[in-house]
Amino acid sequence: MLVERRPNMQMIDIVSTIHDFIEEADTRAAPPPPINDELVVGGHANQRGAWFVSPFTGAFQTDFESLTESMNVPIQSIEIPDALIGFDPANPQPTARAFHVKGCSIGTARPWLIKLREALGNHVRVTAPKHFHGVSTNGTPGSTPIEVIEWMAYELDVFQKTPFSSRSSLAAAFHAKADPRPDGNEIALGSIKAWLKTLRVRRYDRPANVQRERRLPLGLNIGGHRFAQGLMGFSILTPKGDATTPPNTVVHQTITVPPPAEIPATDAGRVAMLATWLPEDDVFKDIYPFPWFKRIGYPTLAAMIDGLEWKFVVDTTVSPPTIECLGGRYEYSLLIPIANPGPGGTLDPTKAPLIFNHIPESGPPAAAPRFDETNTFFYETAP
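Under numbering that gives the first Met the number 0, the first residue of the sequence shown is numbered 0, with each subsequent residue one higher.
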């Protein structure tokens, strides 16, 4: 519904891949092309550069590797035809056309965004959200207008090899990681402590997934509603998991190793070999354009190896022997709707006015848009 209500939007909902979407858009473009403005594709995503939209048949997600593959295999190409976007190779000029990704927080994976632009042909502006992307609706179908409220939320993530011991230490880690608010001021440590207290999380060494629905104040009346339905959230993933939550394994690599006699007998010895074993796969090499260790938040391979809890599974029944290297960690995620400070400077989502866009069923919005794809706080752009 959010995309359907964009001005002059034509929906393409009969295709299942980006490749087919671009072909269909080119077919439908009113003669002669180009399109008037933009292409928009939505799907779940994460900060590691995984967009859960199939780029071409046979690929489950659009990640750095599938984008690279699309550029090397013509039948899997997702390149946008120049005519569709009004680009003239004989007279190359920047085009106003854009390709907008809708997927939570994937704009923070800038190498992925640049690679996507390259795979699309390098002639469109590409944007993606830098935060959790929320959509709420008010109204009753067939009775009252359906009002769409678009909002975003801080998605703060921290991780380490061992669990945090207290709310204060976890809050301090979130505070150190948090970007400034839209107004440029920092998120106060006291606000983060208050958010964690509201979510009532008391253990930090066990898996958890807490979501609290909240009425988010709009600061004005929209169709008889002064609030949007939203949520606050907090989650913990652990290396071991539990009966209902799988282990949080962020590295799972199978290595072909020398004869069994040369495999270190202890896990400590095997960890010492990881700097040699892992780069057998290019994605762990420093020279790789978007190495895996950076996707999961480490500046170097050495920092990743040191920052994870490792387990190993050796299989000597095959020739040559293999060893599975599994790296896990504790991950903590805090989800808080982005709002302007409320009374007394509070950032409590139930009291602070939500930063939102109103997309009405008909007519003009009740308030001017608070953000769009050109807003650098909410969106990342390539180039």
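Even for Gly, the Cβ is constructed at its ideal location relative to N, Cα and C.
Does DSSP put Thr275 in a helix, a strand or coil? In the structure shown, Thr275 adopts helical secondary structure according to DSSP, grouped into three states.
Can you give the beta carbon distance from Cys324 to Ile254, rounded, assuming they're within the 8 Å contact cut? Cβ-Cβ separation between Cys324 and Ile254: approximately 6 Å, consistent with a contact (criterion under 8 Å).
Measuring CB to CB, does Gly41 end up less than 9 Å from Phe63? Annotated as distal: Gly41 and Phe63, with beta-carbon spacing of 9 Å or more.
Quick one: residues in its chain with C-beta nearer than 7 Å to the C-beta of Pro179, no 5 flanking neighbours on either side, listed in chain order? Hits under 7 Å: Glu185.
Per the DSSP calculation, Tyr153 is bridged to which residue(s)? Looking at the DSSP assignment, Tyr153 forms a beta bridge with Ile335.
Pick out whichever of Gln252, Ala260, Thr56 has its Cα sitting closest to the Cα of Thr275. Residue Gln252 is the option with its Cα nearest to Thr275.
Beta-carbon contacts of Ala312 that lie in its chain and below 8 Å, excluding the five residues immediately before and after: Reading off the sequence, residue 312 comes out as Val, not Ala. Hits under 8 Å: Ile322, Glu323, Leu325.
Between Ile295 and Val249, what straight-line distance do the alpha-carbon atoms span, to the nearest angstrom? So the two alpha carbons sit approximately 8 Å from each other.
To which residues of the same chain is Pro259 closer than 6 Å at the C-beta, ignoring the five residues directly before and after it? Spatial neighbours of Pro259 in its own chain (CB-CB distance under 6 Å, excluding positions within 5 residues in sequence) are listed in chain order as Thr315, Pro320.
Residue range of the unbroken alpha helix (DSSP H) whose run includes Asn137: Taken as a continuous stretch (DSSP letters only), Asn137 belongs to no alpha helix (DSSP H), being part of the beta strand (DSSP E) at 131-137.
Contact set for Lys350: own chain, Cβ-Cβ below 6 Å, skip 5 residues either direction: The beta carbon of Lys350 is closer than 6 Å to those of Gly341 in its chain, skipping five residues each way along the sequence.
Verify whether the separation of the beta carbon atoms of Phe233 and Ser332 is less than 9 Å. Taking 9 Å as the Cβ cut-off, Phe233 and Ser332 qualify as a contacting pair.
Can you tell me whether DSSP reads Gly327 as helix, strand or coil? Strand, per DSSP.
Rounded to a whole number of angstroms, what is the C-alpha to C-alpha distance between Gln210 and Tyr287? Their Cα atoms are separated by approximately 37 Å.
Could you give the DSSP three-state label for Ala172: helix, strand or coil? Note: Ala172 maps to helix in three-state DSSP.
Residues that Lys101 bridges to, as DSSP identifies them: Gly41, per the DSSP bridge assignment.
Close-in-space but distant-in-sequence residues of the same chain around Ala365 (CB under 6 Å, 5 per side omitted): Cβ within range, chain order: Ile221, His357.
Residues bridged to His357 [DSSP beta-bridge criterion]: His357 is bridged to Ile148.
Around the Cβ of Ala89, are there at least 16 other Cβ atoms within 10 angstroms (buried) or fewer (exposed)? The residue is exposed, with fewer than 16 neighbouring Cβ atoms inside 10 Å.
Short Cβ contact (9 Å threshold) for Tyr203 with Ile337: Taking C-beta atoms as the reference points, Tyr203 and Ile337 fail to come closer than 9 Å.
Backbone secondary structure at Gly120 - three-state DSSP: If DSSP states are grouped into helix, strand and coil, Gly120 belongs with coil.
Is the Cβ-Cβ distance between Arg205 and Thr237 less than 9 Å? With contacts defined by Cβ atoms closer than 9 Å, Arg205 and Thr237 form a contacting pair.
Between Glu23 and Pro278, what straight-line distance do the alpha-carbon atoms span, to the nearest angstrom? Separation of Glu23 and Pro278 (C-alpha to C-alpha, rounded to the nearest whole angstrom) is 40 Å.
Distance, Glu379 Cα to Phe109 Cα: It should be pointed out that residue 109 corresponds to Arg in this sequence rather than to Phe. Distance between the alpha carbons of Arg109 and Glu379 is about 8 Å.
Buried or exposed for Val256, going by 16 or more other Cβ atoms inside 10 Å? Buried: at least 16 other Cβ atoms inside 10 Å.
My understanding is that Gln46 touches Ile105, with C-beta atoms under 8 Å, so please give their C-beta distance in whole angstroms. At roughly 7 Å, the Cβ-Cβ gap stays under 8 Å, so Gln46 and Ile105 are in contact.
Under a three-way DSSP split, which group does Arg202 fall into? Arg202: coil per DSSP, three-state reduction.
Same chain, Cβ closer than 6 Å to Phe292, neighbours up to 5 away in sequence not counted: Result list for Phe292: Leu300, Met303, in chain order.
How far does the alpha helix (DSSP H) with Asp25 in it extend, from its first residue to its last? 17-27 is the span of the alpha helix (DSSP H), which, as asked, contains Asp25.
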